[in-house]
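See below for the structure under consideration.
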Amino acid sequence: MESKLTNEGVAARIQEQFGTAVVSVEMPYDMLTMEIAADQMHDVIEWIKSDAELQIGFLTLLGGVHYPNDNGREFAMVYHLHSWTNNFRIRLKAFLPAENPTIATLTDIYDGANWMERETYDFFGIRFEGHPNLVRILNEDTMDYFPMRKEYHLEDATREDKDDRYFGR
Amino acid sequence: MSTFKEDSAYDMPHVGLSNETIDGDIATLNLGPTHPATHGIFQNVLQVDGEKILSSERTVGYIHRAFEKLAERRPYNQITPITDRLNYCSSPINNMGWHMTVICNSVIGVDTGALTGFTYVFQEREKIYELYEEICGARLTTNVGRIGGFERDFSPEFHRKLEDFLRTFPKVFNEFNSLLSRNRIFMDRTRGAGPISAERALNYGFVGPNLRAAGVDYDVRVMNPYSSYEDFDFIIPVGTDGDTYDRFMVRQEEIRQSLKIIEQAWKNLPEGSYKADIPEFYLPPKEEVYNNMEALIYHFKIVMGETPIPAGEVYHCVEGGNGELGFYLISDGGRSPYRLQFRRPCFIYYQAYPEMIIGQTISDAVLTMSSMNVIAGELDA
Numbered sequence: 001m002e003s004k005l006t007n008e009g010v011a012a013r014i015q016e017q018f019g020t021a022v023v024s025v026e027m028p029y030d031m032l033t034m035e036i037a038a039d040q041m042h043d044v045i046e047w048i049k050s051d052a053e054l055q056i057g058f059l060t061l062l063g064g065v066h067y068p069n070d071n072g073r074e075f076a077m078v079y080h081l082h083s084w085t086n087n088f089r090i091r092l093k094a095f096l097p098a099e100n101p102t103i104a105t106l107t108d109i110y111d112g113a114n115w116m117e118r119e120t121y122d123f124f125g126i127r128f129e130g131h132p133n134l135v136r137i138l139n140e141d142t143m144d145y146f147p148m149r150k151e152y153h154l155e156d157a158t159r160e161d162k163d164d165r166y167f168g169r
Numbered sequence: 170m171s172t173f174k175e176d177s178a179y180d181m182p183h184v185g186l187s188n189e190t191i192d193g194d195i196a197t198l199n200l201g202p203t204h205p206a207t208h209g210i211f212q213n214v215l216q217v218d219g220e221k222i223l224s225s226e227r228t229v230g231y232i233h234r235a236f237e238k239l240a241e242r243r244p245y246n247q248i249t250p251i252t253d254r255l256n257y258c259s260s261p262i263n264n265m266g267w268h269m270t271v272i273c274n275s276v277i278g279v280d281t282g283a284l285t286g287f288t289y290v291f292q293e294r295e296k297i298y299e300l301y302e303e304i305c306g307a308r309l310t311t312n313v314g315r316i317g318g319f320e321r322d323f324s325p326e327f328h329r330k331l332e333d334f335l336r337t338f339p340k341v342f343n344e345f346n347s348l349l350s351r352n353r354i355f356m357d358r359t360r361g362a363g364p365i366s367a368e369r370a371l372n373y374g375f376v377g378p379n380l381r382a383a384g385v386d387y388d389v390r391v392m393n394p395y396s397s398y399e400d401f402d403f404i405i406p407v408g409t410d411g412d413t414y415d416r417f418m419v420r421q422e423e424i425r426q427s428l429k430i431i432e433q434a435w436k437n438l439p440e441g442s443y444k445a446d447i448p449e450f451y452l453p454p455k456e457e458v459y460n461n462m463e464a465l466i467y468h469f470k471i472v473m474g475e476t477p478i479p480a481g482e483v484y485h486c487v488e489g490g491n492g493e494l495g496f497y498l499i500s501d502g503g504r505s506p507y508r509l510q511f512r513r514p515c516f517i518y519y520q521a522y523p524e525m526i527i528g529q530t531i532s533d534a535v536l537t538m539s540s541m542n543v544i545a546g547e548l549d550a
C-alpha cells in the first residue's frame with residue numbers, strides 16, 4: 001500500500017503546528033525521524049493522532065536509549081508511531097538529562113503504553129509523569145539499579161583475564 | 170464484610186490487589202506461575218466471587234533473559250538464536266518470516282477440553298516439526314535464518330515430506346475443523362468469551378490475529394510487504410466480535426491461507442541459491458575455509474565480529490505468529506548493536522487481559538488466554 005503522506009509534508013505540518021518544539025528532522029533509511037522537545041512530546045503525539053490529515057494513531061513501540069557521554073542528553077525516549085489509514089510511519093525522539101530523566105506518560109492516550117513505559121522505567125530508570133503504576137515489570141522489585149544503562153556490563157567488570165579491546169566494545 | 174487483604178493467606182505486596190469487596194465470599198485464586206492452563210510461566214492472581222472474576226493482577230518476567238542487554242554484547246550473526254527464543258512456537262518467523270510456523274502456532278491455540286481433536290492435530294504438528302528437522306536439524310528453536318539467506322538448502326527428503334504434508338494435512342485439518350467450528354458445545358463455550366472491541370484493541374496496541382478477530386484487517390504482509398509477499402495470492406480473514414470464537418476462526422482460516430501460500434511458494438520456488446552472494450556477512454563453506462585464503466579471511470572476520478556495519482538506525486517488522494514483530498536497531502558502527510529493541514506483540518497486548526476477563530468465569534479466562542496465544546518467551550524477552 002502506497003502512503004499518501006510524504007516525509008517532508010508531515011515534517012512541515014508538525015513544524016507549522018509546534019514551531020520551535022521541533023528540534024531536528026532526519027530521514028534515516030527513509031523513515032521520518034524528528035527530535036521533539038521533551039516537554040512537548042505528549043502534546044505532539046496527541047495532536048498527530050487527532051489531526052484529520054495525519055491520523056497517526058497507532059503506538060507501535062516506545063523505549064529508551066542510553067548515551068552516557070552526551071552531556072545533558074544522556075537518555076533518549078524513542079517513539080515509533082504508525083498511521084494505518086495513510087500507511088505512514090514516524091519516529092519521534094526526545095532527549096532527557098541524567099539528573100532528572102522524566103517525561104509525560106502516554107497512558108492517557110494509549111493504554112498499550114502502560115507496560116512499555118514500565119519496562120522502560122525498569123530498564124533505564126526513566127520516569128513517566130502521570131503513570132498510574134510506575135513499578136518494575138520484568139525484573140524483581142528489590143533490584144537497586146537499572147540494568148540497560150551502559151555502565152552495567154553484561155559480564156563481570158572485575159574480570160581481568162579478558163581484554164575487551166580485542167572484542168570490540 | 171471483610172477485606173481481601175485480611176482474608177488472604179498470601180502476602181504479595183508486588184501484586185497490589187484492591188481492597189474493594191462485595192457482599193459474599195471472595196476467594197483468591199492463583200493461576201500460575203506454573204499451571205497447565207497458562208502455557209508458560211506467568212502468574213495470574215484472580216479475585217473470584219464464585220466462578221465470576223472480579224479482578225486480575227499479573228506478574229510477568231519469570232523467564233526474562235535480558236535479551237536486549239545480551240544483544241548489545243553480541244556480534245550481529247549471534248543475535249539470530251536469541252530471536253528463536255522469543256516466540257519459541259514460531260522461531261523461523263522470528264528469524265526471517267517463514268510460513269509453516271503460522272500453522273504450527275495456530276494449531277496449539279485452543280484448549281477447551283476437546284482433547285480428541287487436539288491430539289489428532291498434534292500428529293500433524295509432529296509432521297511439521299519433522300519438516301523443521303529436515304531443514305535444519307532442530308525442532309523448536311530452529312535458528313534457520315542467516316544474514317543473507319538460509320543455513321543450507323532444502324534436501325530432497327524435505328521436498329518429499331512437504332509434498333506428503335500438503336497432501337494429508339488439509340484432510341486432517343478439515344476433520345479437526347468440523348469437530349469444532351460448528352460444534353454446539355464448542356460455540357457455547359467460546360462465543361462471547363473474552364471479547365474486546367476494535368477500538369479498545371487498537372488502543373491497547375493489538376496486532377495480528379487477535380486484532381483481526383476484532384474486525385481490523387491490519388497485516389504487515391499486506392501493509393508493508395517483505396520477502397515478496399506481494400506476489401502471493403492470499404486473503405486476510407477478519408472477525409467481528411473479538412471473542413475467543415472469532416480468534417479461533419481467524420486462526421483456522423489463517424492456517425488455510427498459510428497452506429495456500431506454502432503451496433504457491435513451493436510450486437514457484439525459483440532456481441538458484443538459497444543464500445545471497447555477500448561473502449563479508451555469510452560464512453563460507455568449511456571446506457573452502459581450510460583451502461582458500463579469501464574464505465579464511467571472511468570466516469575469521471565474521472566469527473570475530475570484524476565485519477563493518479554501517480552506523481544508523483532502522484525499524485523493521487514482520488508479521489509474526491502474533492502480529493507485528495518489530496526490531497528497532499541502533500548501530501554506532503561497532504561490532505554489536507548499540508541498542509536493539511524488540512516489539513513483542515504478546516507483551517503489548519497481554520495488558521488488555523484483565524479488561525477482557527473481568528465479569529467472566531474462570532474457564533473463560535483460561536480459554537481467553539490460550540486463544541490470545543500468549544507466549545511466555547515473547548512476553549518476558
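Residue numbers (this note's numbering), protein chains in the order written: chain A, 1 to 169; chain B, 170 to 550. Just so it is clear, CB atoms sit at the ideal spot from N, CA and C, and this is done for glycine as well.
Point to revise | Nearest-angstrom Cα separation, counted from Met525(B) out to Pro364(B) | key: 6 Å
Check your understanding: Would you call the segment 501 to 508 of chain B and the segment 531 to 539 of chain B touching, i.e. three or more CB-CB distances under 8 Å?
Key -> With contact defined as three or more Cβ pairs closer than 8 Å, the segment 501 to 508 of chain B and the segment 531 to 539 of chain B are not in contact.
Exercise for review: To the nearest angstrom, report how far apart Arg351(B) and Val543(B) are at their CA atoms.
Suggested key: 25 Å
Point to revise | Cβ neighbours of Val25(A) in the same chain (closer than 7 Å, five flanking residues each side left out) | key: Ala11, Met34
Point to revise | Closest Cα partner of Gln520(B) within the set Phe146(A), Asn114(A), Phe124(A) | key: Asn114(A)
Check your understanding: From Tyr451(B) to Ile471(B), what distance separates their C-alpha atoms?
Key -> 8 Å
Practice item. Rank Lys455(B), Ala196(B), Gly201(B) by C-alpha distance to the C-alpha of Asp218(B) and give the top, closest one. Key: Ala196(B)
**Study point:** Min CB distance Leu456(B) to chain A below 7 Å
**Key:** It is worth fixing the name first, because residue 456(B) is Glu in this sequence and not Leu. No, because no Cβ of chain A sits closer than 7 Å to the Cβ of Glu456(B).
Check your understanding: Looking at C-alpha atoms only, which residue of Asp144(A), Tyr79(A), Asn86(A), Met116(A) is the closest neighbour of Pro132(A)?
Key -> With distances taken between CA atoms, Pro132(A) lies nearest to Met116(A) out of Asp144(A), Tyr79(A), Asn86(A), Met116(A).
**Study point:** Three or more C-beta pairs below 8 Å linking the segment 324 to 336 of chain B and the segment 428 to 437 of chain B
**Key:** yes
Check your understanding: So what's Lys93(A) in DSSP terms, helix, strand or just coil?
Key -> strand
Point to revise | Integer-rounded CB distance, given that Leu548(B) should sit under 8 Å from Val229(B) | key: 6 Å
Review point. Can you give the beta carbon distance from Pro68(A) to Lys150(A), rounded, assuming they're within the 8 Å contact cut?
Key: With a Cβ gap of about 5 Å, Pro68(A) and Lys150(A) count as contacting.
Exercise for review: Rounded to whole angstroms, what's the CA-CA distance from Ala383(B) to Tyr414(B)? Just pull it up for me.
Suggested key: 11 Å
Practice item. Please compile the residues from chain B whose C-beta is within a distance smaller than 7 Å of the C-beta of Trp47(A). Key: Simply none; closest approach about 17 Å.
Exercise for review: Determine the DSSP secondary structure at Lys340(B), reduced to helix, strand or coil.
Suggested key: helix
Exercise for review: Take Gln510(B) as the anchor and find which of Ile36(A), Gly63(A), Val44(A) has the nearest alpha-carbon.
Suggested key: Gly63(A)
Check your understanding: Given a threshold of 16 other Cβ atoms within 10 Å of its Cβ, counted over all protein chains shown, does His328(B) qualify as buried or as exposed?
Key -> Its Cβ having fewer than 16 others within 10 Å, His328(B) is exposed.
Exercise for review: Could you give the DSSP three-state label for Ser50(A): helix, strand or coil?
Suggested key: helix
Practice item. Sort Trp435(B), Phe469(B), Tyr395(B), Glu449(B) by Cα distance to Gly495(B) and report the nearest one. Key: It is Tyr395(B).
Exercise for review: Using alpha carbons as the reference points, say which of Tyr518(B), Asn343(B), Glu493(B), Pro506(B) lies closest to Asp388(B).
Suggested key: With distances taken between Cα atoms, Asp388(B) lies closest to Glu493(B).
**Study point:** Buried or exposed (CB count within 10 angstroms, at least 16 for buried), Asn213(B)
**Key:** buried
Review point. Taking Cβ positions, are Leu92(A) and Tyr79(A) nearer each other than 7 Å?
Key: yes
**Study point:** Length at least 4, wholly inside the segment 365 to 411 of chain B: the alpha helix (DSSP H) runs in chain order
**Key:** 367 to 372, 377 to 382, 389 to 392
Check your understanding: For the alpha helix (DSSP H) that contains Val419(B), what are its first and last residues?
Key -> 413 to 436
Check your understanding: So what's Met31(A) in DSSP terms, helix, strand or just coil?
Key -> coil
Point to revise | Residues of its chain near Tyr121(A), where Cβ-Cβ distance is below 6 Å and the 5 sequence neighbours each way are ignored | key: Leu134
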